[in-house]
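Add 689 to the 1-based position in the sequence shown for our numbering, that's all there is to it. Each residue gets a CB set at the ideal place from its N, CA and C atoms; glycine is no exception. Worksheet: one structure, shown below.
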Amino acid sequence: MIRQVSPRFRSYAVLGVVALIGGLASGRPELVAVSAPFILLVGLGLMGTFDLSPVIESRFDRDRAVEGEDVHLHITITSRAVRSLEVSCDLPTGLSIAPDQEDPAIAVVGENRVAIRHGGGKVDLDVRLSCDRWGAYRPAWIRLRSRQGLTQFVHVGVFPVDLELRVYPRTEMLRRLFQPVETQLGFGDLVSRRKGEGLEFADLRPFSPGDDPRRINWRVSATGRGVWINDRHPERNSDVVLLVDTLASARRGVGVVLDLAVRAAAAIAAGHLGRHDRVGLISFGEPIRWLQAGMGDVQRYRILDTLMESHVRWQLLWRGVRVVPPGALPAKALVVGLTPLLDDRVIEAFGELRGRGFDVIVIEIPPEPFLPNAEKPPDRMARRIWKLEREATRSRFTRHGIAVVQWDPSEPLQQALVDAQSYRRSCLRARA
């Protein structure tokens, strides 16, 4: 630990020296008497120097939490006795020390700082932290600041730690999900358009050798026109790939836009995984990160862990979606994009995916609420041109069969999904 001179030591030394010199120079013994206590305190402080020599161990009580929950940071300090000991931790934005601690011996003295009285030996601290925002947090150090007895020195030490905590966002429960145009071969909750073994009635057809007798429709066959078989629609699942735009094209409010995109992606992934669909993830940035489509709780936590690492980046290098392997974009997959539609590279990527034959839905997170007010006439003209360009982009997507729906963050995400599905049904009826 590093020894630092406290402001009190400087004050005592200056007062003692000034009073002593003044008394000797003026021949006034009362000034010399006044300087004596200050000089005595300085001497005692120099004699009382010490070496704390601490040993620190730290851990979280768990490695995963949800927004709004509290986690406990356990810190074990082994050292000699000191009068006061301040402990501060490198807590990133999104984690904070709760103002009311369960341990009465811990006093919150500042931002990310607590103070205790250490009687020597081994002391265990149980600091309660509040999870204010989702993210992957890795505190890098713990800082100790100690003072003992009459010493006028403060000992400060920074100790590296290896901690990690992942805070997941609270997701909205979605009752209605996307219905893909094409289903896959796996078992799920979607009724396939194909005919086969299932529960939903599809059609009647004449009996063929090898058909299951249990599928015979006896009521129709009793009319004397031959033996008829019930065809049914099998229950299948679908492949859903979430595309999250992390390219930093927005200047203001970019963190809020990413926050909304991550929350929406987590909610959609949880809903489709609960429907036995395979869900994958592609994070649009540089480098592009992806997760191959999978099922179950393990895939859900993989997606959440990847989303927690999402950060807005300003990137000049862009290699496009051609670097994404085929396994991350399976055939007949439903591609759901979450983007503010500000970067031309992302817009071109959606058009390229549609050109490959993918079913694409774009949930637009409008950036207008985060823009400054256009007060001057040139600014208002530029804002109108910008809005016209965005409307032209939406129209171009619509002509190519890409459903674009604007999500108002003040409304539930479910409303955006319902609007997108209604638009897709109207397009299918128009094509028919």
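Item checked: Pro1067: first and last residue of the uninterrupted alpha helix (DSSP H) it sits in -> Taking the first residue of the sequence shown as 1, we reach residue 1067 at position 378. Unbroken alpha helix (DSSP H) run through Pro1067: Pro1066 to Arg1088.
Next item on the list: Tell whether a beta-carbon distance below 7 Å holds between Ala829 and Arg855.
Entry: Within the sequence shown, residue 829 is the residue found at index 140, counting from 1. Within the sequence shown, residue 855 is the residue found at index 166, counting from 1. Not closer than 7 Å, so no.
Check: What three-state label does DSSP hand Thr995 in the structure shown?
Finding: The residue you call residue 995 lines up with position 306 of the sequence shown. Residue state for Thr995 is assigned as helix, using DSSP reduced to three classes.
Next item on the list: Verify whether the separation of the beta carbon atoms of Val1122 and His961 is less than 7 Å.
Entry: The structure shown does not extend to residue 1122, since the chain is modelled only from 690 to 1121, so the question has no answer here.
Note to self: Using DSSP's beta-bridge definition, name the partner residues of Asp1048.
What the structure shows: Taking the sequence shown and counting its residues from 1, the one referred to as residue 1048 is at position 359. For Asp1048, the beta-bridge partners assigned by DSSP are Leu1023.
Check: Comparing the C-beta of Pro895 with each C-beta of chain B, is any distance below 7 Å?
Finding: In the structure shown, chain B cannot be found, because there is only a single protein chain.
Checklist line | Ala1063 to Leu1077 span [Cα, whole Å] | finding: Position 374 of the sequence shown, counting from 1, holds the residue named residue 1063. Position 388 of the sequence shown, counting from 1, holds the residue named residue 1077. Here the C-alpha atom of Ala1063 lies approximately 16 Å from the C-alpha atom of Leu1077.
Next item on the list: Report yes if the CB atom of Leu762 is closer than 7 Å to the CB atom of Val816, and no otherwise.
Entry: Here residue 762 is taken as the residue at index 73 of the sequence shown, counted from 1. Here residue 816 is taken as the residue at index 127 of the sequence shown, counted from 1. Yes. Within cutoff.
Check: Near Gln1095, what residues of its chain come up, given a Cβ to Cβ distance below 6 Å and the 5 sequence neighbours on each side ignored?
Finding: Here residue 1095 corresponds to residue number 406 of the sequence shown, with the count starting at 1. Excluding positions up to five away in sequence, the list reads Glu1053 and Pro1055.
Check: Taking Val1012 as the reference, which of Ala787, Met984 and Pro976 has the closest Cα?
Finding: Within the sequence shown, residue 1012 is the residue found at index 323, counting from 1. Out of Ala787, Met984 and Pro976, Pro976 has the C-alpha closest to the C-alpha of Val1012.
Check: With DSSP run on the structure shown, which of helix, strand or coil describes Trp907?
Finding: On the sequence shown, position 218 is the one that residue 907 refers to. Residue state for Trp907 is assigned as helix, using DSSP reduced to three classes.
Checklist line | Residue environment, Tyr990, which counts as buried when at least 16 other CB atoms sit within 10 Å | finding: Here residue 990 refers to the residue found at position 301 when the sequence shown is read from its first residue. So Tyr990 ends up on the exposed side.
Note to self: I need the DSSP call for Leu762, collapsed to helix, strand or coil.
What the structure shows: Numbered from its first residue, the sequence shown carries residue 762 at position 73. Taken through DSSP and simplified to helix, strand or coil, Leu762 comes out as strand.
Notebook entry, point to check: Which of the three DSSP states, helix, strand or coil, is assigned to Ile918?
Noted result: Position 229 of the sequence shown, counting from 1, holds the residue named residue 918. Three-state DSSP puts Ile918 in a strand.
Next item on the list: With DSSP as the reference, label Gln1103 as helix, strand or coil.
Entry: The residue you call residue 1103 lines up with position 414 of the sequence shown. Helix.
Next item on the list: Return the residue from the list Val1024, Leu993, Pro1067 and His844 that minimises the CA-CA distance to Gly1090.
Entry: The count along the sequence shown starts at 1 and reaches residue 1090 at position 401. Ranking Val1024, Leu993, Pro1067 and His844 by Cα distance to Gly1090 puts Val1024 first.
Note to self: Buried or exposed, going by whether 16 or more other CB atoms sit within 10 Å of the CB of Thr912?
What the structure shows: Locating residue 912 in the sequence shown gives position 223, counting from the first residue. It counts as exposed.
Checklist line | Bounding residues of the beta strand (DSSP E) (the contiguous stretch that carries Glu746) | finding: Locating residue 746 in the sequence shown gives position 57, counting from the first residue. Glu746: member of the beta strand (DSSP E) spanning Val744 to Phe749, first to last residue.
Next item on the list: Please classify Ile977: does DSSP put it in a helix, a strand, or coil?
Entry: Taking the sequence shown and counting its residues from 1, one reaches residue 977 at position 288. Note: Ile977 maps to coil in three-state DSSP.
Item checked: Inter-residue spacing [alpha-carbon to alpha-carbon] between Pro1061 and Trp1075 -> On the sequence shown, residue 1061 is found 372 positions in, with the first residue counted as 1. On the sequence shown, residue 1075 is found 386 positions in, with the first residue counted as 1. The C-alpha of Pro1061 lies about 14 Å from the C-alpha of Trp1075.
Item checked: Rounded straight-line distance, which links the Cα of Leu996 to that of Val1010 -> To locate residue 1010, count along the sequence shown from 1; it is residue 321. To locate residue 996, count along the sequence shown from 1; it is residue 307. Distance between the alpha carbons of Val1010 and Leu996: 19 Å.
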